[in-house]
Structure formats: structure tokens, C-alpha cells
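**Q** Order-wise, the sequence lines are chains A and B.
0 is the number of the first residue of the first sequence in numbering that gives the first Met the number 0; add one for each residue after it.
0 is the number of the first residue of the second sequence in numbering that gives the first Met the number 0; add one for each residue after it.
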Amino acid sequence: MNIIIETAKQRAKRLCEEIQRKGKDRGLLIAFEGPDGSGKTTQRKLFKDWLAGEGYSVTTTKWNSSKLIKPIIKARKNMRSITREEFCLLHAADFRHRLEQEILPALVEGKMVVADRFLFTALARDAARGLELDWLLHIYSPLYWPDIVFYFSVSPETSGKRIAATRTPKYYEAGQDVTNIDDPFESYRQFISRVIQEYEALSIIFKFITIDAEAPIYDQHLLIRKLFQESRERPWPQWNEEAITDWATMIPRAREAGVGS
Amino acid sequence: MALRVPTSGQLLSLDIVEGRDAVPAAKELIKSKSGHGGISSWDASSIFFEMNSLEIGEKPSPRTIVLLYAADLFFRLRWEIIPALDEGKCVVAVPYLQTGFAFGAIAGLPNKWLREVFRFAPAAHESFRVNAAPSCKLGVATAGFVEFCSNVLNQDLRPKFAAYFDDLERRGACRSL
């Protein structure tokens, strides 16, 4: 067993050195964050198309989308049978799986990864459900920070109006599991206010780039392009080393034993 | 963060290396205690069963498995363990926390992270393990947690789990059944 650990550590070190050597050639992770109805998916699509047009190889990753865990979460959401803690743990599992299987491999290959929601979605929603931020940060650790986080800032009223114009909010989306309010629209109004409060706090702590999501769509898009171009080249951030090493250590070991092979 | 733990009832943890031992050993433990009580078994939430049925070729990493084990354990506490304790019953949780810690240790995950993940779970009043020679053939992935992990990592992890529980027993943290 000691021999395997040593080999995995050496492999992790080699991979990290290789990643460092790649420097500016690595892909960037760009996260689009914000409450429902903030228009981030529209902006994500516009940005992805623009990046592809500029010649970049682009991968998109969406929240709660892993082939392995999404069906499990979906079934439980449909039954309205999960608590906030199970909600958190299952989404964390989905996130970890996508990070290890999709996001990090794509970045190492030099692809641009555009994330429609990232870690901060979990932090904002789960904290709004009353879970401790400290516990959440542990659940999601080792943390992998995006290179750029675009935060689409919108008022609870605008978010509510935009959602109500197209559909009835779903049970968990409306936070009915924690508000205990029967009317999904009223529950959504109350819950999204809490979520936005959490997002606003996170945007200060983690230095998001805030986009006024009530501005015209094309103006937002041009601003995103400009901000991206200004921050194109940067080394692999030191604060991501733990996450990269963990991934490199665990996944090769798992691959030796058949995981992901 | 920790769940509310009823002051009534008795929570007994029982860690095993083979799923087939779970129910007979838990019954024996209950019999040796109060004579009546309940059993809370692995994958009561059926997360692992459903994932195993997907047949999509992707396998979860050890860290992902621990998060799923924690989700299942939370489900068991909410639906099985705490309600039974509330009624003053004796509950055997088979497996319980130490199995999660054992897998984490085997996979090389940091102990601090494991402690945080399982922060919600109350400590058992007493801890036991089944100390029996493993059968020749490893069970199918859905037979038990050890079998599931062995299947995912493509190696028989029963000796490693057994060694972890041996160490716990040496340190007085559990007793052989």
C-alpha cells in the first residue's frame, strides 16, 4: 500500500510540474453565477459562441449535470424527499464528479471551460437553506477556484418576475422545502431574497466581477468579452494547487484500479 | 450542524467487511442486548443501488463515494435511526461511521475532511465489529458498502477494512461481536 501511495504522490507531483510548465497554455475556467432569472444562461451561450468564433476550444459544464449522479438527484427532487443536508451532499457529489471527470481534464488539455453555475451556487443556495458556510466549504474542499467569476446581479423582484413570466418555480427552486409556504411564487420571492443576500456576500469575499443583469443583453455581452480579454493570460493560481494535487493523486490511483478507464 | 439526538434509546454501531453478515450479525447483537429493536442497513436510500444500475461506464472517485455514503447515512438517521431512538428502541446501525472513515483512510483521504463531512452524525453508544474470516468470493457490488467500493476500485478491499477495524479494536474503540 505504501508503494502505491508513493507512486501516486510522485505522479501528482509530476502532473503539477507539467501543469506549471504549460503556464499560459492551460485552459481557463470561467464561471457564470447568479440567481435564477438573472440571464446568465443567455450570456453563457453568447460567450461560448463568441469564444468558439475566436478559435478557442470550449467545453460547457452545467450545474447538476453528471450522468452518474443527476438521475439520483432528479428522482429525489421529484419525490420531494430530500432534506437540505442530503440536497447539499448529493449536489457536492455531482460537483466533485464533474470537476474530476470533465472540468480538470478539459483545463489540462488547454480547453476553455465555461461553467453555467459553479461552486458558489451551492454556497449561496445551501447557506440560504440555513446550512453553515464553514461546513459547506469543507464539503466542497479541496476547493477549486475559477479564473473568472461573472456574477449576474439582479433584484429579487426582477428575478421573480422573469421566472413567473415563463413558468411556475419548482419545489426546491422555490425553496418550499425550507419556507414551508404552499404558494410557489410567494415561497420563491422569499427564498430568492435569501439566496441573493448570500450571493452578494460571496461576491465581496471572493471578488466576483459583477455584471448588471438588468442592463441590455448585448451591452452585458460586450462587457464580458472586454473583461475576459483583459484577463486572458495568467499562471495556474497557487490556491488551486491542493485541488489539482488531490485530483492528480486520486484519479490516477483510481485509474490504476479501473476508475474512469 | 449535528442532528438532534434523542436522549432515549440506544444506538449501536456495527461495522462489517461483508454485506451478507449485516442482518444476521445485527440480529445477534440485538438479541444480546434488549432482545428487541431495529436495524438500519447500508443504502436504505438506494443511492448506490440506483447508481450501480445506471451502467454508464463512469465510476465515482473515493471522495465522491464518501459524499454519497454521507448522504445515505443522513437518510438513515432521519428515517430509521432517530425515529427509533425517539421511541426508546435499541437501533443497530450496520454499517455506521467507522466504515466511512475506514474507506476514507484506505483511499488516502484526509482525516480532517472526513470528520467534517460526517459532522452531523451522532456517536454510537457502543461500537462493535464482525471479526470473521472472509468468504472466498467477493460479493456483488450491491451486497454491501465494502463490496461496492471493491467493485469501483477494482480490488478486494475486505482485508484493508478488516485491518482498519482490527486497529480500532486494539485501541478499544470497538469490540468484536
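Even for Gly, the Cβ is constructed at its ideal location relative to N, Cα and C.
#1: Check whether chain B comes within 8 Å of Q100(A), counting only Cβ atoms and requiring the distance to be less than that.
#2: With a Cβ-Cβ cutoff of 8 Å, do H90(A) and I71(A) count as a contact?
#3: Closer than 7 Å by C-beta to F117(B): which residues in its own chain qualify, once you throw out the five before and the five after it? Chain order, please.
#4: What residues in its chain sit with their C-beta under 6 Å from that of R174(B), if we drop five residues either side in the sequence?
#5: May I ask you to list, following chain order, the residues of the stretch 124-150 of chain A that have a beta carbon less than 7 Å from some beta carbon of chain B?
#6: Taking the alpha carbon of K39(A) as the reference point, which residue from H220(A), D245(A), N239(A) has its own alpha carbon closest?
#7: Around the C-beta of R62(B), are 16 or more other C-beta atoms found within 10 angstroms, so that it is buried, or is it exposed?
#8: What residue range does the beta strand (DSSP E) around V274(A) cover?
#9: Using a Cβ-Cβ distance cut-off of 8 Å, determine whether A256(A) contacts chain B.
#10: Determine the closest residue to R83(A) out of T157(A), K225(A), N179(A), A242(A), with distance taken between C-alpha atoms.
#11: Could you name the residues of chain B that M249(A) contacts, counting a contact when the two beta carbons are closer than 9 Å?
#12: Would you call the CB atoms of E17(B) and G103(B) closer than 8 Å?
#13: Here's the rule I'm using: 16 or more other beta-carbon atoms within 10 Å means buried, otherwise exposed. How should V113(A) be labelled?
#14: Check the Cβ of R118(B) against every Cβ in chain A and list those closer than 7 Å, keeping chain order.
#15: For M249(A), is the classification buried or exposed, using 16 other Cβ atoms within 10 angstroms of its Cβ as the cut-off for buried?
#16: Alpha carbon to alpha carbon, what distance is there between L67(A) and G58(B)?
#17: Would you say A123(A) and V177(A) are within 8 Å of each other, going by their C-beta atoms?
#18: Please confirm whether A91(A) has its beta-carbon closer than 8 Å to some beta-carbon of chain B.
#19: With a threshold of 8 Å, are at least 3 pairs of Cβ atoms found where one atom belongs to the stretch 53-64 of chain A and the other to the stretch 100-120 of chain A?
#20: Any Cβ of chain C within less than 8 Å of the Cβ of L118(A)?
#21: Which residues in chain B sit within 8 Å of I71(A), going by Cβ to Cβ distance?
**A** In brief:
#1: So, interface residue.
#2: The answer is no: Cβ separation not under 8 Å.
#3: A69, L96, G99.
#4: Excluding positions up to five away in sequence, the list reads F127.
#5: Taking 7 Å as the Cβ-Cβ cut-off against chain B, the residues of the stretch 124-150 of chain A that qualify are E131, W134, H137, I138, S140.
#6: Per the C-alpha coordinates, the member of H220(A), D245(A), N239(A) positioned closest to K39(A) is H220(A).
#7: The residue is buried, with at least 16 neighbouring Cβ atoms inside 10 Å.
#8: Outside the modelled stretch of chain A, which goes from 0 to 260, sits residue 274(A), for which no answer is possible.
#9: The predicted model places A256(A) with a pLDDT of 33, which falls under 50 and marks its position as unreliable, so this point remains unresolved.
#10: With distances taken between CA atoms, R83(A) lies nearest to N179(A) out of T157(A), K225(A), N179(A), A242(A).
#11: What M249(A) touches in chain B: S60, P61, R62, A106, G107, L108.
#12: Contact: no.
#13: It is buried - the Cβ of V113(A) has at least 16 other Cβ atoms within 10 Å.
#14: Those are W134, listed as they occur along chain A.
#15: When all chains shown are included, M249(A) counts as buried.
#16: A small fix is needed here, since residue 58(B) is Lys in this sequence, not Gly. Approximately 8 Å, taken between the alpha carbons.
#17: Going by C-beta atoms, A123(A) is not nearer than 8 Å to V177(A).
#18: Yes, because at least one Cβ of chain B sits closer than 8 Å to the Cβ of A91(A).
#19: Contact between the stretch 53-64 of chain A and the stretch 100-120 of chain A is present, because at least three Cβ pairs lie under 8 Å.
#20: No chain C is part of this structure, whose protein chains are labelled A and B.
#21: Those are I46, E49, M50, listed as they occur along chain B.
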